[in-house]
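Per our numbering, the sequence shown starts with residue 53, numbered consecutively.
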Amino acid sequence: MKRLIITLLALPLLCTSCWWLSRDEVVDYYPKSEFDHDYKSKLYYTTTDGSLPSNIDPDAFSIDIISMKQENGVGVITFDGILRRIGYRAFENCDNLKSVVVPDSVRIIFNNAFGGCVSLEEVILPDSLMSIEPRTFFNCTSLRSIEIPKRVETIRVDAFLMCDNLEEFRGANASDDGRTIIIEYDGYIDKKRYIAAFAPYGIEEYTLPDNANTVGEYAFHLCDKLKRVTIPDNYSIIEDSAFAYCSALEEITFGSGIREIRYEALRDCLNLRSIYIKATTPPLLRKSSFATFDYTNYSFTFLGCDVYVPEESVEAYRKAEEWSEFAEYIKGYDFE
C-alpha cells in the first residue's frame, strides 16, 4: 500500500509531457514559492523536434546560463540568478521553438526577443511583466492566442507585427471581443486609453471597441486583410502609422470626436477609396496622414480617394490647413 501511494504521488511529476495543456497545469508544474530560487531562475519551453532551441543568444539575458536541458519533451534553461529580462533578439529565429513559460520575475521583454519564431504556438507571460518592446513577437505566424498580464503598462510599436494568425488576446487589458489590447495611460492633460495591438486573423471588417479613445502607433500596421474600419465617436486621436500599409483597406469611417490624425496614419493604403469623417470641425491633419510617398520627388502625395464630411462643414474642410491640398476630393455627406 505504501508503495502504491508513493507511485500515485509521483505520477504528476512523471507526466511532464502533459504539463503544457493549460495555464493552470503550467502553474502546478512550475515551482510556486516566490522565495524559491528556481522559481525565478528557470525558463521552461518545448520545441517541435524535442531538441534545444535552434538559435538562442546566451548573451541576451544579462545573467549567465548555467545549463540547458531537455527531458521527456520539456526543456529548461537555468540561469545564474533571478531573471529580470528577456533581452534583445534572445530567441530570434528559433524556428523550432513551440512553447515557452517566461519566469515570474521578468519585467521586460526586449526588441525581437521572439521575432521570427514561426513555430511558436503558445507563450505564458508572467504576472511580473510590465513592458513588451518593439517587434517582440514579430512574424510569429503560428501564434493564435496570448494572454497579456494586467500589470503590462506598455506595448511598443509592432510588438505583434505579422502575427497573421493571431485571433485572440486574453487578460484584463483585452477588449470584449478579444481582438485588441487596450492600455491606459495618464497624461498631463487627459487620460488616454489606446489600442496597442490588434489580432487580425479572419477579419475584413472591424469596428473598434468603444471603451478606448485613441488608436496607438502602428496598432493596425500591415494588416493586409482589413477592408473596412469604423472608428467610434469617442476616439479623438489616431497616432502615427496606425493604419499604415493596410493594403486591402477600401473604406474607413472616423467618428464625430476625432480631433487629430497624425503622421502617416494611412500611409500607402493604396486601395483606399472612401474616407468618412463625422467631425464638424476639421481635425488636425499632417501632410503625410492620407498619403503615399513619391520617391521620385521625395515627397508625400495624397492617396486620391474621396473624403466625405458633414454637409455644413465642406467649406471649412476645404480651407483648413493641409486639407486644402486635396480640396477637390472633399465632398458633403449626410451622416444622419
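For glycine and all other residues, C-beta sits at the position ideal for the given N, C-alpha and C.
- Output the boundary residues of the alpha helix (DSSP H) element that contains Asp297. A small correction: the amino acid at residue 297 is Tyr; Asp does not occupy that position in the sequence shown. For Tyr297, there is no enclosing alpha helix (DSSP H), as DSSP marks it with neither H nor E.
Note to self: Nearest by alpha-carbon distance to Tyr270: which of Gly230, Ser227, Ala264, Arg314 is it?
What the structure shows: Of all alpha-carbon atoms in Gly230, Ser227, Ala264, Arg314, the one lying nearest the alpha-carbon of Tyr270 is that of Arg314.
If we call anything under 8 Å between Cβ atoms a contact, is Phe166 one with Ile198?
No, Cβ-Cβ distance for Phe166 and Ile198 is not below 8 Å.
**Asked** Between the C-alpha atoms of Pro178 and Pro155, what's the straight-line distance to the nearest angstrom?
**Response** Counting only the Cα atoms, Pro155 lies some 6 Å from Pro178.
- For the beta strand (DSSP E) that Ala343 lies in, which residues bound it at each end? First-last of the beta strand (DSSP E) with Ala343: 343-346.
Quiz prompt | Exposure of Lys150, with buried meaning 16 or more beta-carbon neighbours within 10 Å | solution = Residue burial annotation: Lys150 is buried, with at least 16 other C-beta atoms found within 10 angstroms of its C-beta.
**Asked** In chain order, what residues of the same chain have a beta carbon less than 6 Å from the beta carbon of Glu380, not counting five sequence neighbours either side?
**Response** Same-chain partners within the cutoff: there are none.
Could you check where the alpha helix (DSSP H) with Lys371 kicks off and where it finishes?
Counting along the chain, the unbroken alpha helix (DSSP H) around Lys371 starts and ends at 366-371.
When you compare the CB positions of Ile235 and Ala248, do they come within less than 8 Å of one another, or not?
In contact: Ile235 and Ala248 (Cβ atoms closer than 8 Å).
Taking DSSP as the reference, what is the three-state secondary structure of Ala249? Here Ala249 carries a strand assignment [DSSP, helix/strand/coil].
- Task: Look at Asp132 and Ile118 and say whether their C-beta atoms are less than 8 Å apart.
- Result: In this structure, Ile118 lies closer than 8 Å to Asp132 by Cβ.
Problem - Nearest residue (CA-CA) to Ile290, options Phe306, Thr100, Gly230 - result: Minimum Cα distance to Ile290 is reached at Phe306.
Range of the contiguous beta strand (DSSP E) that encloses Thr153 | Reading off the sequence, residue 153 comes out as Val, not Thr. Its beta strand (DSSP E) spans residues 149-153.
Query raised in the report: Which value, in whole angstroms, describes the spacing of the CA atoms of Ile129 and Ser114?
Result: Their Cα atoms are separated by approximately 14 Å.
* My understanding is that Glu338 touches Glu374, with C-beta atoms under 8 Å, so please give their C-beta distance in whole angstroms. => Residue identity check: residue 338 is Arg in the sequence provided, not Glu. Yes, they are in contact, since the Cβ atoms of Arg338 and Glu374 sit about 7 Å apart, within 8 Å.
Taking the beta strand (DSSP E) that Ile129 belongs to, which residues open and close that run? Its beta strand (DSSP E) spans residues 126-131.
When the Cα atoms are used, what is the spatial distance from Leu162 to Tyr360?
Correcting the residue type first, residue 162 is Phe in the shown sequence and not Leu. Each residue's Cα considered, the two are about 42 Å apart.
Is it buried or exposed, Ser85, if we count other Cβ atoms within 10 angstroms and call 16 or more buried?
For Ser85, the pLDDT reaches just 41, beneath the cut-off of 50, and the residue's location in the model is therefore unreliable, although a value from the coordinates is still provided. Exposed is the call here.
Exercise. Using a Cβ-Cβ cut-off of 6 Å (strictly less than) and excluding sequence neighbours within five positions of Lys244, which residues of its own chain qualify?
Worked result: Excluding positions up to five away in sequence, the list reads Tyr237, Thr266.
Query raised in the report: Beta carbon of Ser282, beta carbon of Arg319: below 8 Å?
Result: Sequence inspection shows Thr at residue 282; the Ser mentioned does not correspond to that position. 8 Å or more divides the Cβ of Thr282 from the Cβ of Arg319.
Quick one: grab the DSSP three-state call for Lys121. If DSSP states are grouped into helix, strand and coil, Lys121 belongs with the strands.
Let's see if you can read the secondary structure: which residues bound the beta strand (DSSP E) around Val209? Run containing Val209: none; DSSP gives neither H nor E here.
Alpha-carbon to alpha-carbon, Lys92 and Leu355: Looking at the two C-alpha atoms, the distance is approximately 51 Å.
Classify Leu210: buried if its beta carbon has 16 or more other beta carbons within 10 angstroms, exposed otherwise.
First, the amino acid is wrong: residue 210 is Asp here, not Leu. Classification for Asp210: buried.
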